[in-house]
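Chains as they are written, first to last, in our numbering: chain A, 50 to 166; chain B, 99 to 210.
Structure first, then comments.
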Amino acid sequence: GAVVSQHPSWVICKSGTSVKIECRSLDFQATTMFWYRQFPKQSLMLMATSNEGSKATYEQGVEKDKFLINHASLTLSTLTVTSAHPEDSSFYICSARDGKLEKETQYFGPGTRLLVL
Amino acid sequence: GQQLNQSPQSMFIQEGEDVSMNCTSSSIFNTWLWYKQEPGEGPVLLIALYKAGELTSNGRLTAQFGITRKDSFLNISASIPSDVGIYFCAGQLSTSYDKVIFGPGTSLSVIP
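Dropping the structure here:
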């Protein structure tokens, strides 16, 4: 199946710093990528939809100035958590959809665990 | 917004038993998806359903897309210890281009 990678797999940072997380589709071109956040023992909550070459669409309640998303190429989307605070600590998961396959669903990355001290 | 409900919330079963879990929604979905997530990993797609009434199998897993388009179930036959994990149902409201909405998950524990 299609492979989606994320980097880094985990990151620890100090409060107030910014953290960038990369999501790559390894063997297909992803016209659309999605970013999710998952808190412990909870479900995945969609943060934003990222389309290649255009601005991301954020879900209600997600601050676009805090969670910067860039989808500059068909195989890479980045999520930057700006001025991170402890409450931003979470598991961030991206997914990517293969633009060539109409019925194909989204493939998920392995996730990035963020801990803000 | 749209909300999915899953039941049961958690299950503890004996190895070899069959498992059944289901998912309901107040909205009509055009696609139903079942994912499994293990600790510290992203969800992995198990089964995708695209038509009302569709019954699809993947090994010991069987899932059905409800006729009303508002529900789906997942069955696991002859459970084994590696079936342990969180099972999420998810849906897409319109096409496969749409965002995926996740249910709260069913935690499955298998006792050897």
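All residues carry an ideal CB built from backbone N, CA and C; glycine is no exception.
Pull the bridge partners of residue i from the DSSP assignment, please.
i: GLU139/B; result: Looking at the DSSP assignment, GLU139/B forms no beta bridge with any residue, so it has no partner.
i: ASP147/A; result: ALA79/A
i: GLU71/A; result: HIS56/A, THR127/A
i: ARG86/A; result: MET94/A, TYR141/A
i: TYR185/B; result: LYS134/B, THR204/B
i: ILE145/B; result: TRP132/B
If contacts are defined as beta-carbon pairs under 8 Å, then residue i and residue j qualify, I think. What distance do you get, rounded to the angstrom?
i: ALA188/B; j: ILE199/B; result: 6 Å
i: HIS120/A; j: SER138/A; result: Incorrect: roughly 24 Å between the Cβ atoms, too far for contact.
i: GLY114/B; j: ALA176/B; result: 6 Å
i: GLY140/B; j: PRO57/A; result: At roughly 14 Å, the Cβ-Cβ gap does not stay under 8 Å, so GLY140/B and PRO57/A are not in contact.
i: SER123/B; j: LEU144/B; result: Incorrect: roughly 18 Å between the Cβ atoms, too far for contact.
i: THR131/A; j: SER67/A; result: 5 Å
Which residues in chain A sit within 7 Å of residue i, going by Cβ to Cβ distance?
i: PRO202/B; result: SER92
Using CA coordinates, which residue listed in the options is at the minimum distance from residue i?
i: GLY151/B; options: PHE171/B, GLU139/B, GLY138/B, GLU136/B; result: PHE171/B
i: THR166/B; options: SER105/B, SER155/B, SER125/B; result: SER125/B
i: THR124/A; options: ARG73/A, ARG162/A, HIS134/A; result: ARG73/A
i: GLU108/A; options: TRP84/A, HIS56/A, SER126/A; result: TRP84/A
i: VAL165/A; options: LYS90/A, ALA145/A, GLU112/A, TRP59/A; result: TRP59/A
i: GLY203/B; options: LYS134/B, ASN156/B, GLU139/B, ASP181/B; result: LYS134/B
i: PRO135/A; options: VAL53/A, GLN55/A, GLY65/A, SER54/A; result: GLY65/A
i: PRO210/B; options: LEU143/B, GLN112/B, ASN156/B; result: GLN112/B
i: VAL208/B; options: PHE186/B, VAL182/B, THR122/B; result: VAL182/B
i: SER122/A; options: MET96/A, LEU163/A, MET82/A; result: MET82/A
i: LYS104/A; options: GLY110/A, MET94/A, LEU93/A, PHE116/A; result: PHE116/A
i: TYR148/B; options: THR129/B, GLU136/B, ASN156/B, VAL142/B; result: THR129/B
i: ASP147/A; options: THR80/A, LYS63/A, VAL68/A; result: THR80/A
By the criterion of Cβ-Cβ separation under 7 Å, what are the contact partners of residue i in chain B?
i: PRO159/A; result: GLU139, GLY140
i: ILE70/A; result: In chain order: nothing, as chain B lies at least about 13 Å away.
i: THR98/A; result: LYS197
Please list, in chain order, the chain B residues whose beta carbon lies closer than 8 Å to that of residue i.
i: PHE83/A; result: LYS197, VAL198
i: ILE142/A; result: GLY140, PRO141
i: VAL78/A; result: It is worth fixing the name first, because residue 78/A is Gln in this sequence and not Val. What GLN78/A touches in chain B: nothing, since even the nearest Cβ is about 15 Å away.
For residue i, verify whether its CB is less than 7 Å away from any heavy atom of the ligand MN.
i: GLN107/B; result: Although the ligand MN was asked about, the structure shown includes no ligands whatsoever.
Quick check on residue i: buried or exposed, where buried means 16 or more other Cβ atoms within 10 Å of its Cβ?
i: ASN120/B; result: buried
i: LEU153/B; result: exposed
i: GLY102/A; result: exposed
i: GLY164/B; result: buried
i: ASP114/A; result: exposed
i: PHE110/B; result: exposed
i: ILE142/A; result: buried
i: GLN107/B; result: exposed
i: VAL52/A; result: exposed
Please list, in chain order, the chain B residues whose beta carbon lies closer than 9 Å to that of residue i.
i: LEU95/A; result: LYS197, VAL198, ILE199, PHE200
How would you list, in chain order, the residues of chain A whose beta-carbon sits under 9 Å from the beta-carbon of residue i?
i: PHE186/B; result: SER92, LEU93
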